[in-house]
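In what follows, a structure is listed as structure tokens, so that the remarks can point back to it.
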Amino acid sequence: MEASSGGEKRPLLGFGQAVIGPPGSGKTTYVRAMHALLTSMGRPASIINLDPAGEDEPGAAVTLRELVPLSEVMSELHLGPNGALLYCMEYLQGNMDWLRDRLRSVRGTYLLFDCPGQVELYTHHPALPNILRQLQAWGLQLCAVHLVDSHYCTDPAKFISVLCTSLSTMLHVQLPHINILSKVDLIEQYGPLAFNIDFYTEVMDLSYLVEHLTSDPFFRRHKRLHEKLAEVIEDYGLVSFMPLSIKDEQSLKRVMAAVDKACGFCFGEENRSLGSLMSVAVGADFHFT
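Each residue of the sequence shown is one higher than the one before, starting from 316 at the first, in the numbering used here.
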């Protein structure tokens, strides 16, 4: 394992996305597609692979495995894959100068942080939020992009679980936050939806979802539990989703526009025209050519 190093302390001013979500939600695919889109639009971008368990990301400017490979941790410390991954993130938290040194080489580019898929990192373990807070302290304006596979919409019980996880993630990570329903182009293959897609993206009156659950004898006995979970989600009023199909460029651009507004990129040096500022102020839609 490579030790941390010191160096200059100039702020790493810039913008970026912390791409998070459970395994299989499409994080790496999203990062690659967003990188390609940004590059095609003349916005220099860099991929920062913070997953010590993932394969080497083609074109990644920084890879956490260079500092602390998961396989080495498992072998030396006799840990399982989950424990080793948590150790890797804690090791990075204690060696942030290493990451700062690597980020200097991509200073001035838009940063895409491809994060691990272990859910506890986003819901209650402190390492990742501490890492993201340190990045903010260095001057990076970040937005968390939380991906969830849209197949959960086909199962009301799983969707309530996803809502609870998304809310917990938003409260734990404490960044400007965009929730994404990924793979919506495949949603019809997963099975029929009880409601239209807007019900799931806008997280409308969840009492309908609870009533739909009670039509199943297996879930009927847990109706009171589901009602209370729905009340918590609605009381906070924070969770909503944007649908995303990686195959649809306009869908990806809409996500990019939402992230730009959330992290403040639209107020940066590249978009300081009065027209851009006014369009943001009145909540106008973004238009790309």
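For glycine and all other residues, C-beta sits at the position ideal for the given N, C-alpha and C.
Treat the numbers as computed from the prediction; the structure is a model and nothing was measured.
Short CB-CB distance (under 9 Å) between residue i and chain C
i: phenylalanine 533; result: The chain inventory of the structure shown lacks chain C, comprising one protein chain alone.
Where residue i sits in the DSSP three-state scheme
i: alanine 557; result: Note that residue 557 corresponds to methionine in the displayed sequence, not to alanine. The answer is strand: DSSP assigns methionine 557 an E or B state.
i: leucine 589; result: The predicted model places leucine 589 with a pLDDT of 42, which falls under 50 and marks its position as unreliable; any figure quoted below should be read in that light. Leucine 589: helix per DSSP, three-state reduction.
i: cysteine 479; result: helix
i: phenylalanine 510; result: coil
i: serine 361; result: strand
i: glutamine 433; result: coil
i: glycine 329; result: strand
i: valine 334; result: strand
i: proline 384; result: coil
i: glutamate 370; result: coil
i: methionine 519; result: coil
i: valine 421; result: coil
i: aspartate 440; result: The question names aspartate, yet the displayed sequence has histidine at residue 440. Histidine 440: coil per DSSP, three-state reduction.
i: histidine 527; result: helix
Integer Cβ distance of residue i from residue j, believed to fall under 8 Å
i: leucine 426; j: glycine 331; result: 3 Å
i: alanine 333; j: cysteine 468; result: That belief does not hold up - the Cβ atoms of alanine 333 and cysteine 468 are roughly 24 Å apart, past 8 Å.
i: leucine 407; j: leucine 400; result: Not a contact, Cβ separation roughly 11 Å.
i: alanine 360; j: threonine 424; result: 6 Å
i: leucine 450; j: leucine 457; result: 6 Å
i: glycine 432; j: proline 338; result: 4 Å
i: glycine 374; j: isoleucine 362; result: 6 Å
i: lysine 576; j: leucine 462; result: Going by Cβ atoms, the distance from lysine 576 to leucine 462 rounds to 18 Å, so no, they are not a contact pair.
i: glutamate 549; j: leucine 528; result: About 15 Å; that fails the 8 Å criterion.
i: lysine 538; j: valine 525; result: 7 Å
i: aspartate 464; j: serine 340; result: 5 Å
Endpoints, beta strand (DSSP E) assigned at residue i
i: alanine 376; result: 375 to 378
i: leucine 427; result: 425 to 429
Residue interval of the alpha helix (DSSP H) (run including residue i)
i: leucine 540; result: 538 to 551
i: lysine 576; result: 564 to 578
i: proline 396; result: 396 to 409
i: glycine 347; result: As written in the sequence, residue 347 is arginine, which differs from the glycine given in the question. 342 to 355 is the extent of the alpha helix (DSSP H) around arginine 347.
i: arginine 535; result: 532 to 535
Proximity test, residue i beta-carbon vs the ligand FAD heavy atom, cut-off 8 Å
i: tyrosine 515; result: Of ligands this structure carries none, so the ligand FAD is not represented either.
So within the segment 449 to 505, which uninterrupted beta strand (DSSP E) runs reach at least 3 residues, ignoring any that extend past its ends? Every unbroken stretch of the beta strand (DSSP E) spanning 3 or more residues and falling wholly within the segment 449 to 505 is given here in chain order: 455 to 464 and 492 to 497.
Would you check if the segment 492 to 511 and the segment 562 to 570 touch, i.e. whether three or more CB-CB distances between them fall below 8 Å? Yes, the segment 562 to 570 is in contact with the segment 492 to 511.
Counting beta carbon pairs with one atom in the segment 438 to 451 and one in the segment 375 to 383, are three or more of them shorter than 8 Å? Contact annotation: the segment 375 to 383 does not touch the segment 438 to 451, with fewer than three C-beta pairs closer than 8 Å.
Contact between the segment 462 to 476 and the segment 499 to 517 (3+ Cβ pairs under 8 Å): Yes: the two stretches touch, three or more of their Cβ pairs being nearer than 8 Å.
Taking contact to mean at least 3 C-beta pairs separated by less than 8 Å, is the segment 383 to 399 in contact with the segment 338 to 352? Output reads no: the segment 338 to 352 does not touch the segment 383 to 399.
May I ask you to verify whether the segment 544 to 560 touches the segment 481 to 490, counting CB pairs closer than 8 Å and requiring at least 3? Counting Cβ pairs under 8 Å, three or more are found: they touch.
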